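So the sequences go chain by chain: A and B. Mapping of the first sequence onto the working numbering: position 70 corresponds to residue 70, and the numbering continues sequentially without gaps. Quick note: to get the working numbering, add 1000 to the position in the second sequence (first position is 1). The beta carbon of each residue, even a glycine, is placed where N, CA and C say it ideally should be. Computed from a predicted structure; not experimentally measured. What follows is a single structure, written as C-alpha cells, with notes after it.
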Amino acid sequence: MMNVVRCSSENRIVVGIGEMALCDEENREIVTFSLGSCLGISIYDPVMKVGGMLHVLLPDSTIQKDRAAVNPLMFVDTGVPRLFRAAYSMGAVKENIIVKVAGGADMRGARNIFNIGERNFQSLQNILRRNNVNIHKQEVGGSISRTMNLNIATGKVSINSPGMQNRFL
Amino acid sequence: MRETINQGSRSNANPKLTEQLKSSPAILNQILEKYRNDPDIDEVIEIIRLDAEITTRILEIANSAAFSPGSPVTSLKSAVSNIGSNEIIRNVICLAVSGKLDRPLSGYGMEDHDLWRHSVYTAYAAERLGQICSMDDETVQTAFTVGLLHDIGKVLTNEYLKRHPVSPLISVTKDGADVIQIERNNLFMDHAQTGAEIIRYWNLPEIITDAIRYHHAPGNTQSPIASIVHLADAAAHISGHGYGFSAMASHIDQVAWERTGFNSEMFYLLLMELQIMESEIERMMGLAR
C-alpha cells in the first residue's frame, strides 16, 4: 500500500518518509519535516497549478525488492516516476514542471558506506537526466536538517533549518 | 572525574537540574538488575507492581487502541500476556527516564520533545541493530537502554550553551565542525562524558556508563554496545530524527562498523525497518506526555 495523499481537508498537507502528496487547490501547502539524508522532491506546474512532493529515504529499490514492492515511495528510483505520473493524472504537463530538491545531508566519516544523502541525489539526477527533466533549484548536502514547504498558489518552495534563516528555492 | 559535573565543568550552570539528573529512577536499576540475573517476568511484575504510577500507565497502554485488547486488561499479568514481556520492559524503561529526557535544549536548537524523540528512535535502532547482528538478548536489551540514555549529558551541557551561545555550534550548520569537538573546546568536556558522569550516580552496570561515555568514540572501549549505539545514533540522524543545529554534524567511526560486522545492506534494512516501525516508536514517544 502506497502512502499517497491528494488534497485532504487540511490546509497544510504533511508528507512523511516514504510518502507523497499531490494537490491542485490553491489555498493549500505541502510540507515535509526534518529531512536528514532523505530527499524532499517538489514538482509544480505553474500553468495548471498542480503541485506534488515526495519524501524518499534511499537511492535504489534493488537493495530491497520486497520492501520496494510494499512501498515504492521509499526509494528514489521507484518513487520519482510515481510522483510525476500522479501529477500528470491531475493535469500537469511535463514541459511545465518545475523541480526543486532539498535534503541529502550526510554525516562524516566512512563515506563510501554511509553517504546515503549523496547517493540519493545522484540517483535522482540519473533518473531525471534519463527522462530529460531538469532540476531547477536545489539545496542539498552539508550536515543540516531541512524542512521543505511548497505553496500551491504560488509554487514557491521554502526551506528552513534550526538556527538558520528561512530561504526560498 | 565525578567532580567534573559538580565543580569543574562549565556546563554546571544549574545545580538544581544537576541534582535532578543525578537522582536515579529506582525502578530502572531494579528492572535491569533482575533482567541481567534472571529474566523471570513474574519477578519483573513484582518490581513494577511496587510503582503505582508506572503500573497505572502500563495498564493504560495495554488497554489502548494500539493493542486493542479483547477484554479490559486489569492486571500486570494479563498485560504481559496481551502485549508481551519485552514490550512491558521497554515501556517501563521509557516511563522511568522520560521525565529526565523530554525537555527542549535551546542551546542545541532542539525544540520540545526533540531530544526525547531522538532518544527513543536511537533506542529502537540500537535494539534492532543488536538483533540483526545476532547479539544475545541481554546485549540487545542493554543497547536499548543505552540508546535511550546516550544523550542525557546534553541536558547539562545545554545549560552552559543556552547562557553562552557558542558561535561555532551555531555555525556547525555551515562549516561542518564536529559537535563533540566544539563542546570540548568550549565546555572542557563533551556531552558523552557528561552523560556518563550522570549515569554513574545511578549505579547502573558499568557497561552502560562505558557505552554512553564512548558512544562518539567506540574505538576507545572493547564493549560492542558503544559501537551499536554509535551506529543507531547515526541511523536516527540520517533518517531525520537528529534535530537541532548539529543535526548531522558528527562523525561515523569506522570502528563501529568493524566491531558490529554491520554492512551497508544491513544499514539500509535498519533504516527501512525504523520507518515501518514509526507508529510504534511514536506511540512510545507519547509516553512522556
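Three-way DSSP call (helix, strand, coil) for residue i in this model
| i | result |
| --- | --- |
| R146 (chain A) | strand |
| C1133 (chain B) | coil |
| F33 (chain A) | strand |
| M1248 (chain B) | coil |
| Q138 (chain A) | strand |
| F1188 (chain B) | coil |
| R28 (chain A) | coil |
| A1236 (chain B) | helix |
| E19 (chain A) | strand |
| I1061 (chain B) | helix |
| S1279 (chain B) | helix |
| G51 (chain A) | strand |
| F1067 (chain B) | coil |
| Y1124 (chain B) | helix |
| I1270 (chain B) | Reading the sequence as shown, one finds Leu at residue 1270 (chain B) and not Ile. L1270 (chain B) falls in the helix class under three-state DSSP. |
| M1110 (chain B) | strand |
| A92 (chain A) | coil |
| F1262 (chain B) | coil |
| Y44 (chain A) | strand |
| N1091 (chain B) | helix |
| K100 (chain A) | strand |
| I159 (chain A) | strand |
| R1163 (chain B) | helix |
| R1103 (chain B) | coil |
| N1203 (chain B) | coil |
| R13 (chain A) | Checking the displayed sequence, the identity of residue 13 (chain A) turns out to be Ile instead of Arg. Three-state DSSP puts I13 (chain A) in a strand. |
Contact check, residue i vs residue j, beta carbons under 8 Å
| i | j | result |
| --- | --- | --- |
| G142 (chain A) | C38 (chain A) | no |
| G40 (chain A) | M148 (chain A) | yes |
| I1281 (chain B) | Y1121 (chain B) | yes |
| C1133 (chain B) | F1267 (chain B) | no |
| A1143 (chain B) | G1153 (chain B) | no |
| T1194 (chain B) | T1157 (chain B) | yes |
| V1207 (chain B) | S1223 (chain B) | With the sequence shown as reference, residue 1207 (chain B) is identified as Ile, and Val is not the correct amino acid for it. Cβ atoms of I1207 (chain B) and S1223 (chain B): closer than 8 Å. |
| L35 (chain A) | R146 (chain A) | yes |
| K1077 (chain B) | I1031 (chain B) | no |
| I1212 (chain B) | L1149 (chain B) | yes |
| L1050 (chain B) | G1107 (chain B) | no |
| L987 (chain B) | V1155 (chain B) | Nothing can be reported for residue 987 (chain B), as the shown portion of chain B is limited to 1001 through 1289. |
| L1187 (chain B) | S1239 (chain B) | no |
| V76 (chain A) | L150 (chain A) | no |
| I43 (chain A) | I97 (chain A) | yes |
| V47 (chain A) | V80 (chain A) | no |
| V99 (chain A) | V140 (chain A) | no |
| R119 (chain A) | P59 (chain A) | yes |
| I1027 (chain B) | V1073 (chain B) | no |
| N1014 (chain B) | E1159 (chain B) | yes |
| R1036 (chain B) | E1197 (chain B) | no |
Inter-residue CB distance, residue i and residue j (contact presumed, cutoff 8 Å)
| i | j | result |
| --- | --- | --- |
| R28 (chain A) | I152 (chain A) | 5 Å |
| I1058 (chain B) | I1048 (chain B) | 7 Å |
| A1096 (chain B) | A1232 (chain B) | Their Cβ separation, rounded to whole angstroms, is 20 Å, which puts A1096 (chain B) and A1232 (chain B) out of contact at 8 Å. |
| A1234 (chain B) | L1274 (chain B) | Actually they do not touch by this definition, with Cβ atoms about 12 Å apart. |
| H1237 (chain B) | M74 (chain A) | Wrong, their Cβ atoms sit about 18 Å apart, outside the cutoff. |
Residue i versus residue j: straight-line alpha-carbon distance, rounded
| i | j | result |
| --- | --- | --- |
| K156 (chain A) | M1284 (chain B) | 36 Å |
| K1022 (chain B) | M90 (chain A) | 58 Å |
| D24 (chain A) | H1191 (chain B) | 47 Å |
| E1003 (chain B) | N160 (chain A) | For E1003 (chain B), the pLDDT reaches just 46, beneath the cut-off of 50, and the residue's location in the model is therefore unreliable, leaving the point undetermined. |
| P162 (chain A) | R1184 (chain B) | 22 Å |
| S122 (chain A) | N115 (chain A) | According to the sequence provided, residue 122 (chain A) is Gln. The question's Ser does not apply to it. Approximately 11 Å between the Cα atoms of the pair. |
| E1043 (chain B) | H1113 (chain B) | 33 Å |
| A1256 (chain B) | A1066 (chain B) | 35 Å |
| A87 (chain A) | Q1141 (chain B) | 46 Å |
| V4 (chain A) | P72 (chain A) | 11 Å |
| T958 (chain B) | Q1181 (chain B) | What is shown of chain B runs 1001 to 1289, which leaves residue 958 (chain B) out entirely. |
| G179 (chain A) | G1242 (chain B) | Nothing in the structure corresponds to residue 179 (chain A), since chain A is present only between 1 and 169. |
| T154 (chain A) | S61 (chain A) | 33 Å |
| E1053 (chain B) | W1116 (chain B) | 20 Å |
| G1147 (chain B) | S1071 (chain B) | 34 Å |
| P1165 (chain B) | G1244 (chain B) | 14 Å |
| S1075 (chain B) | S1264 (chain B) | 44 Å |
| Q138 (chain A) | R1163 (chain B) | 35 Å |
| F84 (chain A) | I127 (chain A) | 12 Å |
| E1278 (chain B) | K1016 (chain B) | 35 Å |
| A21 (chain A) | G117 (chain A) | 22 Å |
| L169 (chain A) | T32 (chain A) | 15 Å |
Beta-carbon neighbours of residue i, restricted to chain C and to distances below 8 Å
| i | result |
| --- | --- |
| S145 (chain A) | No chain C appears in the structure shown, which is made up of the protein chains A and B. |
Between the segment 1208 to 1225 of chain B and the segment 1239 to 1253 of chain B, do at least 3 Cβ pairs fall closer than 8 Å? yes
Would the segment 12 to 22 of chain A and the segment 50 to 70 of chain A be scored as touching if the rule is three or more Cβ pairs under 8 Å? yes
For the segment 1194 to 1203 of chain B against the segment 1017 to 1031 of chain B, are there 3 or more C-beta pairs whose distance is under 8 Å? yes
Do the segment 1082 to 1094 of chain B and the segment 1047 to 1067 of chain B meet, that is, are 3 or more Cβ pairs less than 8 Å apart? yes
Cβ contact check for the segment 127 to 146 of chain A and the segment 65 to 72 of chain A: 3 or more pairs under 8 Å: no
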